[in-house]
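Notes to accompany the following structure.
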Amino acid sequence: MFSIPSPPSEKPHDEARVVPLSEHSTALDIALRHIYPVRRTSKVDTLRYASILAKFSRRYQVEALHQFIIGYLTDGIKLDPVGVYAIAVTYGYDDVGAKAARSCLNLPFSNLQSPYLRYATVEHMLELLKYYVACGQAASALASSYQSQSLSHAQNETLHRHSGCSVVACRTPDFVGQIGLRRTTNTTSIFRPLWYYFHRSAVVLAQHPSPGAITTEEFVLKTNVCPTCAPARAHMLELSVVFGREIKKAIKQVNQLYHDLLSLPVLIYGRFPYPRLSSWDRVTPLKRLGVA
């Protein structure tokens, strides 16, 4: 592992030998404190330690550091999932890298950044972005399908019954200028707050594929501003909870597809596919909530 130079014959045999190493003294200090049972600092920069130890462990094949590295990476997922992904996939900690990739979905697309991105290759980051986009496509497609379902007369009759609001007299503003509503045969039966909720969800989920992005009370009820529609708000919040579960299921399908692609012997490039739902008859949150 180390090459110890032979001292010149004229020097005393008990003279201390100096072994030159390429590692910085800080990296050596951190690595040796983890290898040997000495006191370590209680407050650490987990990802900095993880990157230093992972590099040291790979270069000198020190397996004793693996559990420390995994622990540091796991602890850093919540704070910086992008950085954890970059370090994990670079040094072969694929399980932690997969967890970090899934956690990246909790961030908007514009926040997929980290000071540790320099550790990852372009190919690694491309895979993360393709996975993120695939999840966004699947979640957005789900919301769009729910938006189409919300045009059903029966569904809207139920919500209008809950709200006590006249369909024609509803004072919910037209936020999208009837862009989608003009294509329907009976726009007077539409419960606007529900239609707008799924419309906005489809837009947001494309760049932030996480249930948490569209299930907050503020987001769900943003367009339910008609005073006489107020009684339907609790019903919409119930629906959003079940809708969030269906988003998780759609993303889980992408996770499985992503895993299957990585197991292939040849890496597949190009547009990352996402699971297409064959029939919306099996998507039943609206029916379970009595909206269909």
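First residue of the sequence shown? That's 10 in my numbering, and the numbers climb one at a time after it. Built from N, CA and C at the ideal position, the CB exists for glycine as well.
* D54 to K64, Cα distance in whole Å? -> Numbered from 1 along the sequence shown, position 45 holds the residue referred to as residue 54. Numbered from 1 along the sequence shown, position 55 holds the residue referred to as residue 64. Their Cα atoms are separated by approximately 16 Å.
* Contacting residues, own chain, Cβ-Cβ under 6 Å from S249 (five flanking each side not counted) -> Taking the sequence shown and counting its residues from 1, one reaches residue 249 at position 240. In chain order, T224, V229 place their CB closer than 6 Å to the CB of S249, counting only its own chain and leaving out the 5 sequence neighbours on each side.
* Measure from the alpha carbon of L203 to the alpha carbon of each residue in A150, G101, H43, C235, then state which is nearest. => By 1-based counting over the sequence shown, the position of residue 203 is 194. Among A150, G101, H43, C235, the Cα nearest to that of L203 belongs to C235.
* To do: Report the residue from S157, L56, L214 whose alpha carbon sits nearest the alpha carbon of A97.
  => Counted from its first residue, the sequence shown places residue 97 at position 88. The option with the nearest alpha carbon to A97 is L56.
* To do: Closer than 8 Å by C-beta to L246: which residues in its own chain qualify, once you throw out the five before and the five after it? Chain order, please.
  => By 1-based counting over the sequence shown, the position of residue 246 is 237. Result list for L246: E226, V229, L230, in chain order.
* Would you grab the beta carbon distance between L137 and A107 for me? Rounded to a whole angstrom, and I think it's under 8 Å. => Numbered from 1 along the sequence shown, position 128 holds the residue referred to as residue 137. Numbered from 1 along the sequence shown, position 98 holds the residue referred to as residue 107. So it is not a contact: roughly 11 Å between Cβ atoms.
* Locate the alpha helix (DSSP H) running through S210, then write down its first and last residues. => To locate residue 210, count along the sequence shown from 1; it is residue 201. For S210, the uninterrupted alpha helix (DSSP H) segment begins and ends at 201–214.
* **Alpha-carbon to alpha-carbon, Y58 and R67** => Here residue 67 is taken as the residue at index 58 of the sequence shown, counted from 1. Here residue 58 is taken as the residue at index 49 of the sequence shown, counted from 1. Between R67 and Y58, the C-alpha separation is close to 14 Å.
* Span of the alpha helix (DSSP H) around E226 -> Numbered from 1 along the sequence shown, position 217 holds the residue referred to as residue 226. The continuous alpha helix (DSSP H) containing E226 extends over residues 226–229.
* To do: Work out the CA separation of S154 and S123 for me, nearest whole Å.
  => Start at 1 with the first residue of the sequence shown, and residue 123 comes out as number 114. Start at 1 with the first residue of the sequence shown, and residue 154 comes out as number 145. Going by the C-alpha atoms only, they are around 34 Å apart.
* **For R26 and P218, the rounded distance between their alpha carbons** => Numbered from 1 along the sequence shown, position 209 holds the residue referred to as residue 218. Numbered from 1 along the sequence shown, position 17 holds the residue referred to as residue 26. The alpha-carbon atoms of P218 and R26 are separated by roughly 58 Å.
* Whole-angstrom C-beta distance between L214 and A152, which should lie under 8 Å -> Residue 152 sits at position 143 when you count from the first residue of the sequence shown. Residue 214 sits at position 205 when you count from the first residue of the sequence shown. With a beta-carbon spacing of about 6 Å, A152 and L214 fall inside the 8 Å limit used to define contacts.
* To the nearest angstrom, report how far apart A95 and Q156 are at their CA atoms. => Residue 95 sits at position 86 when you count from the first residue of the sequence shown. Residue 156 sits at position 147 when you count from the first residue of the sequence shown. If I take the Cα positions, the gap works out to 37 Å.
* In whole angstroms, what separates the C-alpha of H244 from that of T232? -> For the purposes of this step, residue 244 is taken as residue 235 along the sequence shown, with counting starting at 1. For the purposes of this step, residue 232 is taken as residue 223 along the sequence shown, with counting starting at 1. If I take the Cα positions, the gap works out to 14 Å.
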